[in-house]
Amino acid sequence: MRKVLVTGGAGFIGSNFVHYLIENTDDHVTVLDKLTYAGNLASLEGLPEDRFTFVKGDIADASVVEPLVAASDVVVHYAAESHNDNSLHDPRPFLDTNIIGTFTLLEAVRKHGVRYHHISTDEVYGDLELDDPQRFTEHTPYNPSSPYSSTKAGSDLLVRAWVRSFGVRATISNCSNNYGPYQHVEKFIPRQITNVLTGERPKLYGAGLNVRDWIHANDHSSAVLTIVEKGVIGETYLIGADGEKDNKSVVELILTLTGNPADAYDHVVDRAGHDLRYAIDSTKLRTELGWQPRYQDFEAGLAATIDWYRANEAWWQPQKAATEAKYVAQGQ
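Final position of the sequence shown in full-length UniProt numbering is 332; the numbers increase by one with none missing.
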């Protein structure tokens with residue numbers, strides 16, 4: 001039985017990965033999570049006690065991290081401060097978690113010789129023009145545009161340096177925007193879904209022309225497991241499912257799928273430094289490691305996600321009022 005330490009495993013994509021491991025492997029999974037506002041123990045309910053352990057702690061605390069790493073065969077590092085709006089309001093937590101936290105984990109895996117996989121984002125590459133035929137590849141230069149994306153870029157570079165300087169057995173993946181169960185209601189898709197479910201009108205930044213490359217969280221999880229098991233040490237792999245959609249189209253599809261007029265939304269002030277377009281070329285992952293996404297129909301995946309939020313109001317409702325109050329205060 002492989003022992004896997006998942007940092008940030010009570011967050012959105014981390015918790016989806018934990019469920020994926022439990023359902024598709026024989027691994028024992030230990031989750032290390034600080035349980036900030038974005039971490040939710042309810043996302044891990046029902047997991048078998050003989051294969052799952054939860055530890056509350058900070059990835060920047062070496063006294064917590066080191067014994068957990070020493071007892072593990074693999075570390076998969078999801079934990080991050082990850083919301084652009086929050087990083088614009090208060091950048092410091094992003095430095096503490098994304099830079100110092102990653103450093104702390106790297107020192108622990110270096111000391112104990114443990115395999116390490118680093119979860120990152122396509123936002124480290126900046127953005128593309130809406131009409132640019134190119135997509136991000138593993139060779140695209142880094143050009144982050146927010147405190148969030150710049151700290152993620154910095155953490156990626158730390159991993160590369162620890163591989164080259166100290167021989168750490170690490171890989172990196174940069175993924176496009178995820179959607180699916182267990183995503184905090186501050187994020188774009190669950191905010192719009194839960195607005196509709198509570199009788200509120202969805203909110204669209206600016207004209208809604210910004211394009212994101214959407215991937216279902218289960219496809220992200222399967223890609224990460226593929227990289228952990230087959231990836232070449234020191235390599236970076238981009239994860240994407242060819243799901244480019246502009247924000248306006250996503251909002252209109254949510255409204256249509258819930259039986260509402262497609263134009264029943266409000267425009268709100270755009271976010272500062274809002275990236276225009278992200279687009280992932282995952283050819284390397286598909287050709288070299290044989291991975292393929294399962295959820296290639298975005299509309300079907302979005303419909304299933306809406307159904308999950310409709311059936312799990314007890315999970316998201318406690319977060320909703322405070323989240324919307326914050327956005328209202330920001331004019332969004």
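Each residue gets a CB set at the ideal place from its N, CA and C atoms; glycine is no exception. A quick note: this is a predicted structure, and the numbers were derived from the prediction, not measured.
Asked: Excluding the 5 residues flanking Tyr309 on each side, which residues of the same chain have their C-beta closer than 7 Å to its C-beta?; Found: Pro190, Ile193, Thr194, Leu197 and Trp316
Asked: By the DSSP assignment, the beta strand (DSSP E) with Asp213 in it spans what residues?; Found: Val211 to His216
Asked: Would you mind sorting Ser165 into buried or exposed? The rule is 16 or more other CB atoms within 10 Å of its CB.; Found: exposed
Asked: Do you know offhand how far His117's Cα is from Val76's?; Found: 5 Å
Asked: So, helix, strand or coil for Arg169, using DSSP?; Found: coil
Asked: Spatial neighbours of Arg294 within its chain, please: CB distance less than 8 Å, with the 5 preceding and 5 following residues excluded, ordered by chain position.; Found: His216, Asn218, Asp219 and Ser222
Asked: What is the residue span of the alpha helix (DSSP H) that Arg110 lies within?; Found: Thr102 to His112
Asked: Can you tell me which of the three DSSP states Ser63 falls into?; Found: helix
Asked: Classify Ser63 as buried or exposed, calling it buried when 16 or more other Cβ atoms lie within 10 Å of its own Cβ.; Found: exposed
Asked: Here's a check: name, in chain order, each residue in its chain whose Cβ is nearer than 7 Å to the Cβ of Ile172, leaving out the five neighbours to either side.; Found: His118, Ser120, Asp156, Val159 and Thr236
Asked: From which residue to which residue does the beta strand (DSSP E) around Lys56 run?; Found: Phe52 to Lys56
Asked: Pairing CB atoms from the region 178-186 with CB atoms from the region 12-20, are three or more of them under 8 Å?; Found: yes
Asked: So Tyr278 and Ser176 are supposed to be a Cβ contact under 8 Å. How far apart are they, rounded?; Found: 6 Å
Asked: What is the residue span of the alpha helix (DSSP H) that His274 lies within?; Found: From DSSP, His274 is part of no alpha helix (DSSP H); its letter is neither H nor E.
Asked: Is Ala170 closer than 9 Å to Leu106 when the C-beta atoms are compared?; Found: yes
Asked: State the beta-bridge partners of Val74 as determined by DSSP.; Found: Val4 and Arg115
Asked: Quick one, are the C-beta atoms of Val269 and Gly206 less than 9 Å apart?; Found: yes
Asked: Out of Val74, Thr102, Ile306 and Asn247, which one is the CA nearest neighbour of Val113?; Found: The sequence shown places Gly at residue 113, not Val. It is Val74.
Asked: According to DSSP, is Asn178 part of a helix, a strand, or is it coil?; Found: strand
Asked: Going by DSSP, what residue range makes up the beta strand (DSSP E) through Thr30?; Found: His28 to Asp33
Asked: Output the distance between the C-alpha atoms of Ala80 and Thr97, rounded to the nearest integer angstrom.; Found: 6 Å
Asked: Closest to Val224 by C-alpha separation, out of Asn24, Met1 and Ala10, would be which residue?; Found: Asn24
Asked: Out of curiosity, what's the CA-to-CA distance linking Lys56 and Asn86?; Found: 23 Å
Asked: Starting from Lys203, follow its DSSP beta bridges and name the residues at the other end.; Found: Asp266
Asked: Taking Thr7 as the reference, which of Asp50, Leu68, Pro48 and Tyr142 has the closest Cα?; Found: Leu68
Asked: Where DSSP assigns a beta bridge to Ile280, which residues make up the other side?; Found: Phe136
Asked: Taking only three categories from DSSP, how would you classify Ile189?; Found: helix
Asked: How far does the beta strand (DSSP E) with Leu238 in it reach, from first residue to last?; Found: Thr236 to Ile239
Asked: Return the bridge partner residues of Thr121 from the DSSP annotation.; Found: Cys175
Asked: Taking Asp246 as part of the alpha helix (DSSP H), name the residues at either end of that continuous run.; Found: Run containing Asp246: none in the alpha helix (DSSP H); it sits in the beta strand (DSSP E), Glu244 to Asp246.
Asked: Could you pull the start and end residues of the alpha helix (DSSP H) that Tyr313 belongs to?; Found: Checking the sequence shown, residue 313 turns out to be Glu, not Tyr. Start and end: Glu313 to Ala329.
Asked: For Ile254, which residues from the same chain have a beta carbon less than 8 Å from its beta carbon, with the 5 sequence-adjacent residues on both sides left out?; Found: Ile189, Gln192, Ile193, Val196, Pro202, Leu302 and Ile306
Asked: Quick check on DSSP: helix, strand or coil for Pro147?; Found: helix
Asked: Shortest alpha-carbon distance to Ile233 belongs to which of Gly167, Tyr37, Ile59 and Asp263?; Found: Gly167
Asked: Please state if the CB of Leu238 and the CB of Glu129 are separated by a distance shorter than 9 Å.; Found: no
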